[in-house]
Structure formats: C-alpha cells, structure tokens
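**Q**
Protein chains: 2
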Amino acid sequence: MQVLRHVDNNMKGLISDLQTLIRQPSVSAKNEGLEECARLVAKIMRNSGIRSEILYLRKGIPPVVYGEVKSKQNPKKTLLFYNHYDVQPAEPFDLWKDKPFSGKIIGNKIFGRGSADDKGELITRIKAVESYLKTEGDVPCNVKFLVEGEEEIGSMHVEKYLKKFKKKFSCDGVIWEFGYVDAKNRPIISLGMKGLLYVELSVTESIRDAHSSLAVLIENPAWRLLEALKTLRDPNGKIIIKDWYKEADGFTKEELKLIQTEPFDEKEFKKEYGIKRFVANKTGIAARKALVGEPTCNIAGFVSGYTGPGAKTVLPSQALVKIDFRLVPKMDPLKQLARLKQHLRSNGFGDIKVNMIHGEAASKTNILDPFVSKVKKAANESFGKSIVSVSSAGTGPMYSFAKVLSAPCISIGSTYIFSRIHSPNEFARIDLLNKTTKCICRIMSKFN
Amino acid sequence: MQVLRHVDNNMKGLISDLQTLIRQPSVSAKNEGLEECARLVAKIMRNSGIRSEILYLRKGIPPVVYGEVKSKQNPKKTLLFYNHYDVQPAEPFDLWKDKPFSGKIIGNKIFGRGSADDKGELITRIKAVESYLKTEGDVPCNVKFLVEGEEEIGSMHVEKYLKKFKKKFSCDGVIWEFGYVDAKNRPIISLGMKGLLYVELSVTESIRDAHSSLAVLIENPAWRLLEALKTLRDPNGKIIIKDWYKEADGFTKEELKLIQTEPFDEKEFKKEYGIKRFVANKTGIAARKALVGEPTCNIAGFVSGYTGPGAKTVLPSQALVKIDFRLVPKMDPLKQLARLKQHLRSNGFGDIKVNMIHGEAASKTNILDPFVSKVKKAANESFGKSIVSVSSAGTGPMYSFAKVLSAPCISIGSTYIFSRIHSPNEFARIDLLNKTTKCICRIMSKFN
C-alpha cells in the first residue's frame, strides 16, 4: 500500500512535529502553556491537511482542538480520534536525565514529558491522516479529532464539550486517547474503563489538638475513622457496604473467554512492584478478572496528627482519609455515594463528613461490536499480533463519549507499557510510533 | 516570719532574674543556647548564695546545673529541686503578641517562652533559698538543685546523670519540676506521672507507589495497618492486647478517696476542647480515675499516600502510624513492647515493623508518705487551700528519680493552669510566683 510507504518516508516529519509538541510545556495541573499548545496542535493539523478549529466552553477552561477531514469516497462513516494535549507535571525535575521538555532522541527513543502520554499518540493519528491525504488525496472515512486539555486533571469539562458541540463530534466509532504495547510488542486493544468515586472522609473530635495524656477522655479522630473504615471492606478487598455490587455488571460469555486467553505476566508484575502475592491470594484467571472487572476500595491517603520524625505526644483534633472506589459498568457514582453515606449513618458514623471529589461511571464497548474485529485485524496486520482486553483497570471519560455520541470506543496506541508515563524520563519508541501510524491507517481503511 | 517578708521585698529581684533567664533562648529541640543558659542559671544561683556547678555526661549532651546549700541547723535532711532550663520551640512566631523571648511584663503577667515552663518554677526555688540565706544565714534543710537541659525533648540522659552523680544528688525528697495552680487558685499537688511507650508501626507492601487501579491486586499498606490496629483497642479505649493490664497498679483505698474528692470541672474541660462527651461516655469518678490511672493507646500520627488537596489516585507503598501508650505504675515499657510484638505476630501481622521511639515507666509517690502531708500543709498555708492529685496524666522521668535516689517525688509549683505553656504567649503570673516562693520556703522549714 502506497499510504504505508508514505508513513515510513514521513517518519522524519512525525518525529520533528512530536518534538515541537513536547517542547511546548502544557501542564494542566499548573494551567501552564495550554492555550499555546492548543494553537500548536491546530497548526500541526492544518499543515497535515486537517481542517482545525479551537473550541471554547467558556473563559478559564482550556480549549478543545477540533479537527476534521471529510471523505469523498465514504462520507457516511466517521471515525473520531480522542486525544489530549495536556501533560502531567514533570516533577521531580532532578530525576530527569535531560530537561523534561527536551524531546531529545537517544537511539529508538524520544524523551520528554508528554512524549508518550499523549502527544505521541496524537501525532500518529495526525500523520496517518496526512499520509492518506498526501498519497490518495482522500481519506477512507470521515475523520474527526477531539483533543482536550484537561485529561490529566480529570477531564472535568469534556462531557460539556461533547454536549455543546454534539453535532460536530457525531461519529460511528471512537479511537481512545491511549493505547499500550506490551513487553512482547503486542498492542493491547482495550474496550473499557472502570469508573471512579473519589471521596474524602473526615472526622473532627475537638476544636484543637490536645496533649496526648488526655486520650483517656477526648476521643481520637484517627481511631474513630479507623472504626468506620473497618466496616467498609474486608481483608480480602471485598466491599461490605450494603448493595454495593447490586448493579455491578458481570462478564459475558465472550468476555470470560477473552479473559482466559488474555496473557498476564504475574511473575513480571510481581517483580515490577516487589510483591510476593496478590490481594486475597488471587492468581491466574481470578487476578485477570479482578484487573478488568472488580470494584475496589483503595485508601489513597490517610493523615492525622504528627507525622514527622521522632515522638510527639499529641492527640490530634482531626483525621482525614482519601478513598478511591473503582466502579464497573452499571454502577452509578452518585448512587454509590448515597450508599456509602447511608452505610456510615446506619453504622453509627453519622458524624463522619463525606466529601465527594470526583465521580465517573465505567464504560465497556461490546466485544461483539464489528468495530472491535476491524481494529483487531488492523492491529494484527501492523504488529503481527494483538491482545483484546475487556477493560482497562483505570478510569477515563469513556462513559461520557459512549453516552453522548452513542458510539463504541476502543483504545489502541503506541505507548510501550514501561515507557514511564507520569514519571521522570518518559519516552516514546520510534518503532512503535511507526507501526501505530500504519495501524491507524489500516483502521481507517477498514472503517466502512 | 522574716523570711516570707523577704520574699515579698525581693520580688523585683525575682522578676528581673526571671526576665534575664527568659531572654536567653534555650530551645533543646534546636540545640540553641543551652550551654549559655546553663551558665546563666549557675550564675544566678551563685548570686543567690547557692554553690553551683555545671556537670557534663559527655560532649554533645546538654549539661546539668547542680546547686547545693548545706544546712547548719539540720544537715541530716536533704531536699532536691528538679527543674529544667530548656524550653519548647517558640513557633509559630507570628502568633506571639510580643517577641517570644521578651520577658515583657503586662500587669500581673510576665510573657515569654519558658516564663512558666520551667524558668518561672526554677526561679521561685532559687529565690526561696536566697531569702533564707539573706535573713537567717542558713537553710532549714540541705537543698540541692538538678537543672537539666533536655526535658522538652524527653529527658533522655537524666537517668544517666542521676546514676553518674548519684552521691551528689542523694536526697530525702524531690520537688518536681512543674506544678499547677488551677482556675480557683488552688495549687495541685501531684504525686505521680504516667509512663510511656511510644512506637511506630509501619507496613511496606511494595517497592513503589502504584496507580490505584492496581488495588485489585496489590495490597494497600494503609488497609493492612488498619486491620492490625483494630485488634489493639476496642471503641471504648480498652486495650485488647493479651495481658496488657496484667501488672497495672490499681488504686489504694486512700487514693480512691482522694479521687472522689478531687475536683475536676467536666464542663470547663469540655468547653476548652469543644467536645460533648468523653471516651466511653465516662463521667464523674470514672473520668477522674481515667485521668490519673488509666493506660491509653493513642494514635499520635498516621500517614500514608497522598494527603494534599483534591484527588490523586495512588496506591501507596507504605503506611506508618505513631502510637503512644500511656502506662501506669508497675507496667514495664519493654515488657509491654514485647506483648505488642507478640500480639501482632500471633494475629498474623508479623510483617508489621515495630520501632520503639521512647519508653518510660510510670511512678507514684505513696500518698501516706509524710513528705506529702508536709507539702500539703505548706501549700495550704501559702494559698489557703490545695488539691492533692494521685497522678498527673502526663509523663516524665519521675521513675528514674524514685528508682536511683529512692526518694519520694512531689510536684508543686506556680504555673497557672491556662498559662499557655508550649503555646504562643506563654506567661507566668507574678502573684503565683510570690505565693509559690513562700510555699517553697515553708516546705523547706517543714522538711526535717
């Protein structure tokens, strides 16, 4: 195919554009360089032949870059690429071998914050479209881009953008913002994302810290919080709040089959984190099922009293815990929040304050959707092999896309699984950028 | 009595010497000004007619100031004053109305870090001796001083000083470093101190923090620590470690009687801390008994994961809790530590690391010791009334003194109970400094 040859010949341009993007810091957590990066994305799109536009919700909210190419040969089918131009903060700076926004190339790797997550993914999609336009003067289907600037801080406004510009974004399938390639160079095609309910529980027992000798009389808020927490979850990780799993979606026959064949390297995983066993001694299928479809109740943070070195005999006045509950499809974050509150009340912990920080529903694309087999074919042709995963263990705004656009969402991309995203010395692999660009071309060609 | 008139006439000198002491910062936590303050104390003693000496254990350890006056009339009885010249850090500075080491006088109050704790107490004792020497040329009993420089950081070396200079410090009774006067101007004569076992328990589950989506597989150390903690203590504050209370001393008939008559203003206490009820709904006698004689298991600090604002979906690799167990007489800190470790092991928590930070046994002077009634009489004569308390709820090195010197220890002093010790705007009340100096004179005169 001529278009695939063009991808090979165009790698210099891809790398140079990716470097340009990396060199424009765009840290959403610090509101740094977002507008500039959005304009840069729009410009790179235009240079690739994509009509681009910068969309605003309202002042103060990072814009979304919209991109569009209409297909002459197949104007009835539309593929939407979802990406983000914002990046994680680069800290800790001193752990970077080069400057965090260098875009430096060493061998097969391009280094820099955002090189993989998500500027690398974005560039493969832009360049795939460019290669079609340069070689055939057309694309095999309509393509659209939604490139947001708040993914790393929770995509708070992406659903509002989707709703406000619903017509613009209407499509028949979404290629998700991320996509991993495992250690055996197999792309992982992921069909879902878990939901999230992130809450803070806090207890205040007195108006000031007291000398700890008064612990005989004054309640300790950390003990109080502990008493409450131990009613939420058993030692095996099962959440024991009433009706917590009531709506939780199980697995279809097809999904169960997929989970069984899906490779998951327990040994490698355990080595990576230095652990000897999994929660509840899960192994094999049980571990895989948990990853793709089990709700969790995780303590993301706990703080009370004195936490410095040595001894301080203090009776703290307050204690706070941050909990993230991962949800699976059909679980409604607000309904789960109500259950948590009801649970605390009916267990005598009505004094514990519950503050919801974030809520997001899970989403899962039907494994039997024809879009899945098209992507799978494209991946196999590009990488020689691929893995379909029922769901990522992580969370993203997939539910919003599926709901507003009524379109299946699939994650596939170029990010090597150990490419240190969110960490110092993040990198993108040039060989995978190349293969993934071709894979995107193939997905477009099959999307009819 | 001529000596008491001298105390009145000598108040200017007392105040001026106290100001001099306050103006010399001596923060043991920062190793700031300790040597200088020790020399100042020795000098003030000398000026008052007390033979003084600076004792060293070894380089790097703050010295102890020794003071001595031999009695001609009664050389067989020796009273030891135990005090400390070090102070708590003055932070937060911005909450002080004047500079923290100003010694500024406003009406009846002298302000400054250390004004009450413990430089004010020390000066009353020096000045009591001075008044005897100036008026009678003799003291009614031998007097000795032990003024240490590490009280605010745990008196780590005072037992070693006591042992090394055991002969020097030999005595028949110890007047303890602190002493409170309650809101009704009644001095509280306290006969004991609780012990302390301060430990850190920590759990490490993996070699690095992980994305919280992995909580389905990787154990969360905060949950693990919680599971362990909940086996230590019931919601009423009772410690449920095997044999924890085995040696714990109960109350004698006399002590029980004392506890019943000892006033304790529940309402005021609750208002001070903004609380509505006490642990386990204790009231009346039960609350008082708890204060003077109940062991505790207090969470002084708990930290794991992300504790900043907003949401971070992290699965922490470590969790740490700081616990201070208050002990009562007969409980041995090391034995209790062994019980804690055994408890964790036999409950399946052998993986939890236990690090002892500090251990100190409790001590209690026998209520029937004649020293008690002498101090009580002196207090009544000086203040018109007084309260004897079986024990302070706090901890100090009283056990070391009682053990090494085989002498009863009694706490009585000039510190108004709400004089903000350890807090900004600490002050000493001039009227109480005067009364307490007289009270110390009376204690000396009765100590034969």
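Order-wise, the sequence lines are chains A and B.
Residue numbers for the first sequence follow our numbering, beginning at 7 and rising by one.
Residue numbers for the second sequence follow our numbering, beginning at 7 and rising by one.
Each residue gets a CB set at the ideal place from its N, CA and C atoms; glycine is no exception.
(1) Please classify Q5 (chain B): is it buried, with 16 or more other beta-carbons within 10 angstroms of its beta-carbon, or exposed?
(2) Please check the pair G307 (chain A) and Y405 (chain B), which I expect to be a contact at CB under 8 Å, by giving their CB distance rounded to whole angstroms.
(3) Any beta carbon from chain A within less than 8 Å of V153 (chain B)'s own beta carbon?
(4) Beta-carbon separation of E183 (chain A) and E157 (chain A) under 8 Å?
(5) Any contact between the stretch 195 to 206 of chain B and the stretch 394 to 401 of chain B? By contact I mean 3 or more CB pairs, one from each, below 8 Å.
(6) Can you list, in chain order, the residues of its chain with a C-beta nearer than 6 Å to that of S32 (chain B)? Leave out the 5 residues immediately preceding and following it.
(7) For my contact list, L411 (chain A) and S176 (chain A) are in at a C-beta cut-off of 8 Å; report their separation, rounded to the angstrom.
(8) Under DSSP, the beta strand (DSSP E) around D330 (chain B) begins and ends at which residues?
(9) Given a threshold of 16 other Cβ atoms within 10 Å of its Cβ, counted over all protein chains shown, does E366 (chain A) qualify as buried or as exposed?
(10) Taking contact to mean 3 or more Cβ pairs, one atom from each stretch, closer than 8 Å, check whether the stretch 49 to 56 of chain A and the stretch 112 to 120 of chain A are in contact.
(11) Are the stretch 7 to 20 of chain B and the stretch 231 to 242 of chain A in contact at 8 Å, needing three or more beta carbon pairs?
(12) Determine whether the beta carbon atoms of E268 (chain B) and I393 (chain B) lie at a separation below 8 Å.
(13) Determine contact between the stretch 316 to 332 of chain B and the stretch 151 to 169 of chain B, defined as no fewer than three beta-carbon pairs at a distance below 8 Å.
(14) Going by DSSP in three states, Y62 (chain B) sits in which element: helix, strand or coil?
(15) Between S395 (chain B) and chain A, is there a C-beta pair that is closer than 8 Å?
(16) Is the separation between the beta-carbon of G280 (chain A) and that of S212 (chain B) shorter than 8 Å?
(17) Pick from A:H349, A:S34, A:P414, A:T401: whose alpha carbon is nearest that of V298 (chain A)?
(18) In terms of residues, what are the limits of the beta strand (DSSP E) holding I194 (chain A)?
(19) Per DSSP, what kind of secondary structure is V396 (chain B) in: helix, strand or coil?
(20) Against chain B, with Cβ distances strictly below 8 Å, would P339 (chain A) count as a contact?
(21) Once DSSP output is grouped into helix, strand and coil, what is the label at R45 (chain A)?
(22) To the nearest angstrom, how far is the alpha carbon of I21 (chain A) from that of R351 (chain A)?
(23) May I have the straight-line CA-CA distance separating E97 (chain B) from Q25 (chain A), to the nearest angstrom?
(24) Just checking: is the beta-carbon of L350 (chain B) within a distance shorter than 8 Å of some beta-carbon in chain A?
(25) My parser needs the beta strand (DSSP E) runs of 3 or more residues fully inside the stretch 366 to 410 of chain A; what are they?
(26) Around the Cβ of A228 (chain B), are there at least 16 other Cβ atoms within 10 angstroms (buried) or fewer (exposed)?
(27) Counting only the same chain and skipping the five closest in sequence on each side, list residues whose C-beta sits under 7 Å from that of Y62 (chain B).
(28) Give a yes or no on whether the minimum CB-CB distance between F117 (chain B) and chain A is below 8 Å.
(29) Does any CB atom of chain A fall closer than 8 Å to the CB of D92 (chain B)?
(30) I need the boundaries of the beta strand (DSSP E) containing F270 (chain B), first residue and last residue.
(31) Report the residue from B:I245, B:K252, B:S310, B:K263 whose alpha carbon sits nearest the alpha carbon of A286 (chain B).
(32) Strictly under 8 Å for the Cβ-Cβ distance: is D330 (chain A) near chain B by that measure?
(33) Within its chain, find whatever has a CB closer than 6 Å to the CB of S161 (chain B); leave out the 5 residues flanking it on each side and keep chain order.
(34) Taking I363 (chain B) and V205 (chain B) to be in contact with their CB atoms under 8 Å, please state how far apart those CB atoms are, rounded to whole angstroms.
(35) Consider the Cβ of L346 (chain A): report whether some Cβ of chain D lies at a distance smaller than 8 Å.
(36) With DSSP as the reference, please indicate the residues paired to I111 (chain B) in a beta bridge.
**A** On the basis of the coordinates in this document:
(1) Given a span of 7 to 454 for chain B in the structure shown, any question on residue 5 (chain B) remains unanswerable.
(2) The residue you call residue 307 (chain A) lines up with position 301 of the first sequence. The residue you call residue 405 (chain B) lines up with position 399 of the second sequence. 39 Å between Cβ atoms; not a contact.
(3) Reading the second sequence from its first residue, position 147 is the one you call residue 153 (chain B). Not an interface residue.
(4) For the purposes of this step, residue 183 (chain A) is taken as the residue at position 177 of the first sequence. For the purposes of this step, residue 157 (chain A) is taken as the residue at position 151 of the first sequence. Closer than 8 Å, so yes.
(5) Flag = yes, the stretch 195 to 206 of chain B and the stretch 394 to 401 of chain B touch.
(6) Your numbering for residue 32 (chain B) matches position 26 in the second sequence. The residues are G39, L40, C43, Y91, D92, V93.
(7) Residue 411 (chain A) sits at position 405 when you count from the first residue of the first sequence. Residue 176 (chain A) sits at position 170 when you count from the first residue of the first sequence. Sure, about 6 Å apart at Cβ, within 8 Å.
(8) Sequence index remark: in the second sequence, residue 330 (chain B) carries index 324 (1-based). Here the beta strand (DSSP E) through D330 (chain B) covers 324 to 333.
(9) Reading the first sequence from its first residue, position 360 is the one you call residue 366 (chain A). Buried, by the Cβ-count rule.
(10) no
(11) no
(12) In the second sequence, counting from the first residue as 1, residue 268 (chain B) sits at position 262. In the second sequence, counting from the first residue as 1, residue 393 (chain B) sits at position 387. Contact flag set, yes.
(13) Taking a cut-off of 8 Å on C-beta distances, the stretch 316 to 332 of chain B does not touch the stretch 151 to 169 of chain B, as fewer than three cross pairs fall below it.
(14) Taking the first residue of the second sequence as 1, we reach residue 62 (chain B) at position 56. Here Y62 (chain B) sits in coil by DSSP.
(15) Within the second sequence, the letter at position 389 stands for residue 395 (chain B). Not one chain A Cβ lies under 8 Å of S395 (chain B).
(16) Within the first sequence, residue 280 (chain A) is the residue found at index 274, counting from 1. Within the second sequence, residue 212 (chain B) is the residue found at index 206, counting from 1. Against a cut-off of 8 Å, the Cβ pair of S212 (chain B) and G280 (chain A) comes out as a contact.
(17) Residue numbering aside, residue 298 (chain A) sits at position 292 when the first sequence is read from its first letter. For the residues A:H349, A:S34, A:P414, A:T401, the minimum Cα distance to V298 (chain A) belongs to A:T401.
(18) The residue given as residue 194 (chain A) occupies position 188 in the first sequence. Note, I194 (chain A): beta strand (DSSP E), 193 to 196.
(19) Residue numbering aside, residue 396 (chain B) sits at position 390 when the second sequence is read from its first letter. Note: V396 (chain B) maps to coil in three-state DSSP.
(20) As a first step, residue 339 (chain A) is located in the first sequence; it is residue number 333 there, counting from the start. Not closer than 8 Å to any Cβ of chain B, the Cβ of P339 (chain A) fails to qualify, so no.
(21) Position 39 of the first sequence holds residue 45 (chain A). Three-state DSSP puts R45 (chain A) in a helix.
(22) Residue numbering aside, residue 21 (chain A) sits at position 15 when the first sequence is read from its first letter. Residue numbering aside, residue 351 (chain A) sits at position 345 when the first sequence is read from its first letter. Roughly 57 Å between the two C-alpha positions.
(23) Taking the second sequence and counting its residues from 1, one reaches residue 97 (chain B) at position 91. Taking the first sequence and counting its residues from 1, one reaches residue 25 (chain A) at position 19. If you take the alpha carbons of E97 (chain B) and Q25 (chain A), they lie about 49 Å apart.
(24) Numbered from 1 along the second sequence, position 344 holds the residue referred to as residue 350 (chain B). So, not an interface residue.
(25) 393 to 395
(26) For the purposes of this step, residue 228 (chain B) is taken as residue 222 along the second sequence, with counting starting at 1. A228 (chain B) comes out buried.
(27) Start at 1 with the first residue of the second sequence, and residue 62 (chain B) comes out as number 56. If we look at Y62 (chain B) and ignore the five residues flanking it on each side, its Cβ neighbours are P69.
(28) Looking up residue 117 (chain B) in the second sequence gives position 111. It does not: the Cβ of F117 (chain B) has no partner Cβ on chain A nearer than 8 Å.
(29) Here the question's residue 92 (chain B) lines up with position 86 in the second sequence. Not an interface residue.
(30) What you label residue 270 (chain B) is simply residue 264 of the second sequence in a count that begins at 1. First-last for F270 (chain B): undefined, no H or E at that position.
(31) The residue given as residue 286 (chain B) occupies position 280 in the second sequence. Comparing Cα-Cα distances from A286 (chain B) to each of B:I245, B:K252, B:S310, B:K263, the minimum goes to B:I245.
(32) In the first sequence, residue 330 (chain A) corresponds to position 324, counting from 1. Yes, D330 (chain A) counts as interfacial toward chain B.
(33) Locating residue 161 (chain B) in the second sequence gives position 155, counting from the first residue. Within the same chain, S161 (chain B) has close Cβ partners P403.
(34) By one-based count along the second sequence, residue 363 (chain B) stands at place 357. By one-based count along the second sequence, residue 205 (chain B) stands at place 199. That belief holds up - the Cβ atoms of I363 (chain B) and V205 (chain B) are roughly 6 Å apart, short of 8 Å.
(35) Note that chain D does not occur in the displayed structure, where the protein chains are A and B.
(36) Start at 1 with the first residue of the second sequence, and residue 111 (chain B) comes out as number 105. BP columns for I111 (chain B) point to B:I116.
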